[in-house]
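Asks: Here the protein sequences line up with chains A and B, keeping their order.
Using our numbering, the letters of the first sequence map in sequence onto residues 163 to 641.
Using our numbering, the letters of the second sequence map in sequence onto residues 17 to 468.
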Amino acid sequence: MNYSIIRYILGWVLTLESIFMLLPCVVAVIYQESAGYSFLIVALICFVLGTLIIRKKPKNQVYFAREGFVTVALSWIVMSFFGALPFVINGDIPNVINALFEVISGFTTTGASILTDVEALNRCSLFWRSFTHWIGGMGVFVFLLAILPMAGGYNMHLMRAESPGPSVGKLVPRVKDTAKILYLIYIVMTVIEIILLLAAGMPVFDSFTTAFGTAGTGGFGVKNSSMADYSAQIQWIVTIFMILFGVNFNAYYILLGRHKGNVFKMEELRWYFGIIAVSIGIITFNISGMFENIFTSLRHSAFQVASIITTTGFATTDFDQWPQLSKTLLVILMFIGACAGSTGGGIKVSRIVILFKTVKQEMGYFVHPRSVKVIKMDDKALDKDTVRSVSAFLVTYVIIFGVSMTILAFDNLDMTSNFTAIAATFNNIGPGLELVGPTGNFSMFSPLAKCVLMFDMLAGRLELYPVLLLFTPSVWKRK
Amino acid sequence: MRIIIVGCGKVGRTIAEQLSEENHDIAVIDPNGVAIHDVTNNFDVMGVVGNGASYNVQMEAGIENADILVAVTGSDELNLLCCLIAKKAGDCSTIARVRNPMYNKEINFIKEELGLSMTINPEFAAATEISRVLRFPSAIKIDTFAKGKVELLEFIINEDSMLHDISVADVTKKVKSDVLICAVKRGDEVVIPNGSFMLKENDVVSIVASPLNSGSFFRQIGVQTHQVHNAMIVGGGTIAYYLSEILLAMGIDVTIIEKDRERCEQLSELLPNAVIINGDATNQDILIEEGIEHCESFVSLTGIDEGNIFLSLFARNRSKAKIVTKINRISFDDIIHTFNLGSLICPKFITAEYIVRYVRAMQNTIGSNVETLYRIADSDAEALEFKIRENTPLVGIPLEELSLKDHLLIACVSRNRKIIIPNGKTQIAVGDTVIVVTTQKGLQDIKDILKK
Chain A
163 MNYSIIRYIL GWVLTLESIF MLLPCVVAVI YQESAGYSFL IVALICFVLG
213 TLIIRKKPKN QVYFAREGFV TVALSWIVMS FFGALPFVIN GDIPNVINAL
263 FEVISGFTTT GASILTDVEA LNRCSLFWRS FTHWIGGMGV FVFLLAILPM
313 AGGYNMHLMR AESPGPSVGK LVPRVKDTAK ILYLIYIVMT VIEIILLLAA
363 GMPVFDSFTT AFGTAGTGGF GVKNSSMADY SAQIQWIVTI FMILFGVNFN
413 AYYILLGRHK GNVFKMEELR WYFGIIAVSI GIITFNISGM FENIFTSLRH
463 SAFQVASIIT TTGFATTDFD QWPQLSKTLL VILMFIGACA GSTGGGIKVS
513 RIVILFKTVK QEMGYFVHPR SVKVIKMDDK ALDKDTVRSV SAFLVTYVII
563 FGVSMTILAF DNLDMTSNFT AIAATFNNIG PGLELVGPTG NFSMFSPLAK
613 CVLMFDMLAG RLELYPVLLL FTPSVWKRK
Chain B
17 MRIIIVGCGK VGRTIAEQLS EENHDIAVID PNGVAIHDVT NNFDVMGVVG
67 NGASYNVQME AGIENADILV AVTGSDELNL LCCLIAKKAG DCSTIARVRN
117 PMYNKEINFI KEELGLSMTI NPEFAAATEI SRVLRFPSAI KIDTFAKGKV
167 ELLEFIINED SMLHDISVAD VTKKVKSDVL ICAVKRGDEV VIPNGSFMLK
217 ENDVVSIVAS PLNSGSFFRQ IGVQTHQVHN AMIVGGGTIA YYLSEILLAM
267 GIDVTIIEKD RERCEQLSEL LPNAVIINGD ATNQDILIEE GIEHCESFVS
317 LTGIDEGNIF LSLFARNRSK AKIVTKINRI SFDDIIHTFN LGSLICPKFI
367 TAEYIVRYVR AMQNTIGSNV ETLYRIADSD AEALEFKIRE NTPLVGIPLE
417 ELSLKDHLLI ACVSRNRKII IPNGKTQIAV GDTVIVVTTQ KGLQDIKDIL
467 KK
């Protein structure tokens with residue numbers, strides 16, 4: 163283990179966070195809130211700590227996947243810890259565990275809240291809550307890699323640990339340029355959404371926070387009713403942008419004409435849009451009796467489907483009241499998740515597709531025991547390692563899910579709430595069903611259960627292994 | 017620059033490593049996923065798994081915007097095909113490793129017709145490096161340019177040199193060798209000398225010469241080159257053949273010891289002037305019988321690294337010869353260096369080094385008509401390579417009648433792979449490659465060397 167490089171990168175993460183934290187300070191100045199001081203204090207602490215750490219450059223800048231994974235997981239924990247401090251200091255969320263839960267939920271773009279009354283919060287706190295979505299969506303390391311004065315191919319280990327998907331590739335030869343392109347697309351799309359929301363008549367503060375929530379596929383709203391009180395027009399804009407942010411960002415790079423490829427032939431995208439269209443169709447039909455006309459039910463079903471599959475977690479209506487079929491469909495969508503290489507969470511469409519193909523291959527072996535069949539994706543043979551790691555991912559996923567379920571059962575809540583609470587946090591969605599439904603929240607869980615859910619959120623966002631590695635003793639051995 | 021490297025072996029890897037550190041955008045192509053994985057994990061490069069000669073794979077690696085494609089797979093044919101497709105797909109410069117001696121004889125035709133910018137033959141490059149080691153003491157600095165065809169030798173005039181206090185024009189008269197003094201560094205100043213320039217003590221003189229002439233030049237001006245007079249080569253592979261050819265042409269006696277009888281016969285056919293010994297060189301008696309104790313240089317070129325190391329150790333013990341050891345795998349090079357085996361030669365690294373040097377030279381020329389640009393004499397002067405196309409005003413005029421700019425010199429003309437060291441009567445023809453040495457920076461076109 164190269165400990166000094168981990169320390170050095172952690173220093174950079176802290177410095178970066180201190181800069182990000184100046185934004186809520188600005189908001190506090192605009193709305194003349196005294197709570198802004200808490201952000202300024204923590205920003206200063208982070209800045210001093212961070213710059214002190216990075217003053218000493220490590221001699222050995224060589225590191226491998228192991229260090230990359232551990233650094234990313236540690237950074238997310240450190241970042242969440244300091245991100246939670248302002249809430250505790252300014253008294254918006256006095257309980258440390260609750261504040262941590264809220265911020266981890268923010269950074270991991272989950273959107274699950276322990277707050278019973280969101281509107282009571284200071285504006286600057288609300289802004290920070292939503293802004294953590296935006297940072298966590300594309301990833302703090304992708305940002306860091308775009309500006310970090312560290313050359314070398316080793317940085318790919320960081321990117322690989324943070325970016326979602328079965329196989330993380332580069333858009334262009336350099337990690338730095340790839341990171342810049344990703345963030346540029348991300349920023350431009352966010353700005354477009356803000357402008358559209360403003361044009362649709364949304365208040366300035368709300369459009370910013372909503373855009374951050376959509377871009378990171380987070381789902382923290384600034385209203386207790388989430389998105390329900392906004393106009394139909396705004397809801398449609400948010401629906402479309404949620405779907406757009408759930409798309410693999412490689413597709414946008416190809417659309418910009420900078421890279422060879424045909425977006426319409428990307429297998430993952432076809433599945434993604436296919437699943438969305440079918441789900442919207444079924445649910446619209448299923449809930450049509452509950453609303454005055456078919457357009458309203460289409461709007462609500464489209465919004466909820468987009469919100470759940472992209473793992474955003476906004477809601478325009480209490481889907482907990484919907485018929486069983488619709489609710490079941492939504493729960494299934496929770497697990498599928500968005501595309502690889504997007505800002506969304508979940509298992510990812512591409513993994514699901516690969517898993518289905520593995521099943522098909524397995525069935526083929528029963529029919530023709532000696533047949534040889536290669537699993538292909540986008541017309542290219544997938545290497546065995548990818549297929550194997552996807553299967554291993556699913557197994558790990560199920561194990562963590564099972565263990566979390568067991569621990570949550572100590573709280574003696576009903577099965578549906580427990581199950582969907584884990585599904586909603588592990589897949590970084592936010593609301594589940596019953597107690598944790600769109601109108602509920604996570605405040606009734608015991609501290610232990612909250613810790614488990616926090617672990618699930620981090621594990622879900624970083625795709626399991628970085629967080630699991632933290633608990634593997636052999637990783638920490640000096641070599 | 018955007019560079020695509022096809023083939024992720026030792027050479028491809030070394031090139032990718034060096035060039036990515038020099039801030040080029042690198043994409044590597046190899047059918048072996050593991051090799052790609054390894055390279056992309058260690059260096060900041062993009063990897064594409066696939067056949068490098070496939071149009072689609074090249075497109076995926078970004079051939080449309082690429083500046084250079086380097087094909088260094090193990091197969092000559094595949095390398096050439098990669099370059100051919102890249103040329104059509106992306107209109108970029110192409111570099112291919114071509115090692116088959118058969119193709120090497122026709123390399124000019126291949127290069128011209130397939131539009132290759134550079135071909136490199138690892139064995140030939142290694143042989144050239146070895147011959148250089150054998151010819152000169154370390155006091156003479158050697159730079160190569162024009163893709164290794166031309167040598168630039170740098171040496172200091174000391175007080176007992178005959179070049180002391182004579183003009184450049186007289187040097188050419190006194191010395192009957194085809195060399196050209198192209199730059200003189202006196203103090204901090206670099207001068208491109210004309211005929212009347214007086215050479216002084218402590219001047220650092222750069223001369224351009226073809227490998228054959230430089231030796232005799234130094235002999236005539238009285239610089240001790242410690243050039244060896246005989247060489248014992250163990251192992252009769254391709255490098256040995258190329259090396260013998262170079263050494264024999266310079267009048268150095270060559271003894272080759274080779275195990276395989278048939279190969280010996282081939283070699284004696286190819287190299288009638290060399291002494292070919294059929295025998296196992298690991299047998300000390302044979303080495304002693306062939307006079308290892310008195311030979312002036314010993315080159316171990318067998319295919320087995322360990323064998324080479326032991327042979328060289330033995331030669332070091334038994335003689336005072338200059339020793340050159342060929343090593344294929346340099347995984348333990350720092351250990352091997354402690355053995356004091358003389359010069360270590362690794363053909364793969366030399367290949368990579370040549371290509372990297374060429375890429376650097378190309379990078380210097382972006383936005384101009386210069387083919388390549390090399391910085392010489394501690395970067396104070398430039399050697400520029402121009403290709404002469406139709407309608408160039410210089411064609412067909414003897415050089416003495418051209419009014420060239422000051423501080424500028426046409427140092428050599430390459431015609432059909434032959435090097436001509438020009439004199440006043442030389443005329444430039446279409447299709448030649450001309451190397452201009454100058455201290456004036458910023459020349460864009462061959463026309464710029466003329467006075468306005």
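The beta carbon of each residue, even a glycine, is placed where N, CA and C say it ideally should be.
Name the two residues that bound the continuous beta strand (DSSP E) containing B:ILE223.
Replies: Residue numbering aside, residue 223 of chain B sits at position 207 when the second sequence is read from its first letter. That run of the beta strand (DSSP E) goes 220 to 225.
Asks: Candidates A:VAL175, A:ALA190, A:ARG228: which alpha carbon is nearest A:VAL637's?
Replies: For the purposes of this step, residue 637 of chain A is taken as residue 475 along the first sequence, with counting starting at 1. Ranking A:VAL175, A:ALA190, A:ARG228 by Cα distance to A:VAL637 puts A:ARG228 first.
Asks: Would you call the stretch 452 to 459 of chain B and the stretch 251 to 264 of chain B in contact, with 3 or more CB pairs under 8 Å?
Replies: At 8 Å Cβ cutoff, the stretches do not touch.
Asks: Give me the subset of the stretch 42 to 64 of chain B whose CB atoms are less than 7 Å from a CB atom of chain A, sorted by chain position.
Replies: From the stretch 42 to 64 of chain B, only ILE42, ALA43, GLY49, THR56, ASN57, ASN58, PHE59, ASP60, VAL61, MET62 have a Cβ closer than 7 Å to chain A.
Asks: B:GLN456 by DSSP, collapsed to three states: which one?
Replies: To locate residue 456 of chain B, count along the second sequence from 1; it is residue 440. Reduced to three states, the DSSP call for B:GLN456 is coil.
Asks: Would you kindly work out how many angstroms separate the C-alpha atoms of B:VAL244 and B:VAL429, rounded to a whole number?
Replies: Translated into the one-based positions of the second sequence, residue 244 of chain B becomes position 228. Translated into the one-based positions of the second sequence, residue 429 of chain B becomes position 413. Distance between the alpha carbons of B:VAL244 and B:VAL429 is about 29 Å.
Asks: Check the DSSP bridge columns for B:LEU389 and list the partner residues they point to.
Replies: As a working note, residue 389 of chain B is residue 373 in the second sequence. Paired residues: B:LEU400.
Asks: Cα-Cα, which of B:PRO438, B:ALA368, B:LYS403, B:THR442 is closest to B:THR30?
Replies: The residue labelled residue 30 of chain B in the question sits at position 14 within the second sequence. Taking only the C-alpha atoms, the option nearest B:THR30 is B:ALA368.
Asks: Taking the CB atoms as reference points, tell me whether A:LEU214 and A:SER242 lie closer together than 8 Å.
Replies: On the first sequence, position 52 is the one that residue 214 of chain A refers to. On the first sequence, position 80 is the one that residue 242 of chain A refers to. Cβ atoms of A:LEU214 and A:SER242: not closer than 8 Å.
Asks: Would you say A:MET567 reaches chain B, if we count a Cβ-Cβ gap shorter than 8 Å as a contact?
Replies: Numbered from its first residue, the first sequence carries residue 567 of chain A at position 405. Output row for A:MET567: interface = no.
Asks: Would you mind telling me which residues of chain B sit closer than 7 Å to A:ARG336, beta carbon to beta carbon, in chain order?
Replies: Along the first sequence, read from residue 1 onward, the residue named residue 336 of chain A stands at position 174. Simply ASP41, ASP60.
Asks: What is the C-beta distance between B:LEU179 and B:ILE223, in whole angstroms, given that I count them as a contact (C-beta under 8 Å)?
Replies: Counting from 1 along the second sequence, the entry for residue 179 of chain B is found at position 163. Counting from 1 along the second sequence, the entry for residue 223 of chain B is found at position 207. The Cβ separation is near 10 Å, so there is no contact.
Asks: Quick check: the Cα distance between A:ASN284 and A:GLU195, rounded to an integer number of angstroms?
Replies: Counting from one through the first sequence, the residue named residue 284 of chain A turns up at place 122. Counting from one through the first sequence, the residue named residue 195 of chain A turns up at place 33. One C-alpha to the other measures close to 7 Å.
Asks: Who are B:ALA112's beta bridge partners in DSSP?
Replies: The sequence position of residue 112 of chain B within the second sequence is 96, counting from 1. B:ALA112 pairs with B:ALA87, B:THR135.
Asks: Which partner residues of B:MET214 appear in the DSSP bridge assignment?
Replies: Here the question's residue 214 of chain B lines up with position 198 in the second sequence. DSSP lists B:SER183 as partners of B:MET214.
Asks: Starting from B:SER284, trace the alpha helix (DSSP H) in both directions and tell me its first and last residue.
Replies: Looking up residue 284 of chain B in the second sequence gives position 268. Per DSSP, B:SER284 belongs to the alpha helix (DSSP H) from 277 to 286.
Asks: Counting beta carbon pairs with one atom in the stretch 126 to 146 of chain B and one in the stretch 358 to 375 of chain B, are three or more of them shorter than 8 Å?
Replies: Cβ pair count under 8 Å is three or more, so yes.
Asks: When we look at the beta-carbon of B:ILE146 and count the other beta-carbons within 10 Å, is it buried (16 or more) or exposed?
Replies: Within the second sequence, residue 146 of chain B is the residue found at index 130, counting from 1. Buried, because 16 or more other Cβ atoms sit within 10 Å of the Cβ of B:ILE146.
Asks: Whole angstroms is fine: what's the gap from A:CYS286's alpha carbon to A:ASP545's?
Replies: The residue given as residue 286 of chain A occupies position 124 in the first sequence. The residue given as residue 545 of chain A occupies position 383 in the first sequence. Their Cα atoms are separated by approximately 48 Å.
Asks: Would you decide whether B:ALA113 is buried or exposed? Buried here means 16 or more other CB atoms lie within 10 Å of its CB.
Replies: What you label residue 113 of chain B is simply residue 97 of the second sequence in a count that begins at 1. The residue asked about is misnamed: residue 113 of chain B is Arg in this sequence, not Ala. B:ARG113 comes out buried.
Asks: Who are the near neighbours of B:ILE465 in its chain, counting only those whose CB is closer than 7 Å to its CB and skipping five residues on each side?
Replies: Along the second sequence, read from residue 1 onward, the residue named residue 465 of chain B stands at position 449. For B:ILE465, where only same-chain residues beyond five positions count, the Cβ hits under 7 Å are LEU420, LYS421, LEU424, VAL452, LEU459.
Asks: Is any beta-carbon of chain B found at less than 8 Å from that of A:MET539?
Replies: By 1-based counting over the first sequence, the position of residue 539 of chain A is 377. Judged by the 8 Å Cβ criterion, A:MET539 is not in contact with chain B.
Asks: Please decide whether A:ASP545 counts as near chain B, where near means a Cβ-Cβ distance under 8 Å.
Replies: Residue numbering aside, residue 545 of chain A sits at position 383 when the first sequence is read from its first letter. Taking Cβ atoms only, chain B reaches closer than 8 Å to A:ASP545, which makes this a yes.
Asks: State buried or exposed for A:ARG550, treating a residue as buried only when at least 16 other CB atoms are found within 10 Å of its CB.
Replies: Locating residue 550 of chain A in the first sequence gives position 388, where the first residue counts as 1. Burial call: exposed.
Asks: Please work out which residues of its chain come closer than 7 Å, Cβ to Cβ, to A:LYS219, disregarding the five sequence neighbours upstream and downstream, and give them in chain order.
Replies: Residue numbering aside, residue 219 of chain A sits at position 57 when the first sequence is read from its first letter. Correct list, in chain order: TYR170.
Asks: Output the distance between the C-alpha atoms of B:GLY90 and B:GLY68, rounded to the nearest integer angstrom.
Replies: Residue 90 of chain B sits at position 74 when you count from the first residue of the second sequence. Residue 68 of chain B sits at position 52 when you count from the first residue of the second sequence. Looking at the two C-alpha atoms, the distance is approximately 12 Å.
Asks: So is A:MET318 in contact with chain B if we call contact Cβ pairs under 8 Å?
Replies: Residue numbering aside, residue 318 of chain A sits at position 156 when the first sequence is read from its first letter. By this cut-off, A:MET318 is an interface position.
Asks: Go ahead and label A:SER533 buried or exposed: buried means 16 or more other beta carbons lie within 10 angstroms of its beta carbon, across all protein chains shown.
Replies: Taking the first residue of the first sequence as 1, we reach residue 533 of chain A at position 371. Exposed, because fewer than 16 other Cβ atoms sit within 10 Å of the Cβ of A:SER533.
Asks: In whole angstroms, give me the CA-to-CA distance for B:ILE413 and B:LEU35.
Replies: Here residue 413 of chain B refers to the residue found at position 397 when the second sequence is read from its first residue. Here residue 35 of chain B refers to the residue found at position 19 when the second sequence is read from its first residue. Whole-angstrom Cα-Cα distance: 41 Å.
Asks: Strictly by DSSP, which residues pair up with B:ASP41?
Replies: The residue labelled residue 41 of chain B in the question sits at position 25 within the second sequence. For B:ASP41, which the question treats as bridged, DSSP gives the partners B:ARG18.
Asks: On the criterion of 16 or more Cβ atoms from any shown chain inside 10 Å, does A:PRO673 qualify as buried, or is it exposed?
Replies: What is shown of chain A runs 163 to 641, which leaves residue 673 of chain A out entirely.
Asks: So with CB distances below 9 Å, who are the chain B contacts of A:LYS221?
Replies: Sequence index remark: in the first sequence, residue 221 of chain A carries index 59 (1-based). Simply none; closest approach about 18 Å.
Asks: Per DSSP, what are the beta-bridge partners of B:ALA247 in this structure?
Replies: Position 231 of the second sequence holds residue 247 of chain B. Per DSSP, B:VAL270.
Asks: Looking at the unbroken alpha helix (DSSP H) that takes in A:THR177, where does it start and where does it end?
Replies: To locate residue 177 of chain A, count along the first sequence from 1; it is residue 15. 165 to 182 is the span of the alpha helix (DSSP H), which, as asked, contains A:THR177.
Asks: Along the chain, where does the alpha helix (DSSP H) containing A:ALA240 start, and where does it finish?
Replies: Position 78 of the first sequence holds residue 240 of chain A. What sits at residue 240 of chain A in the sequence shown is Val, not Ala. Its alpha helix (DSSP H) spans residues 227 to 252.
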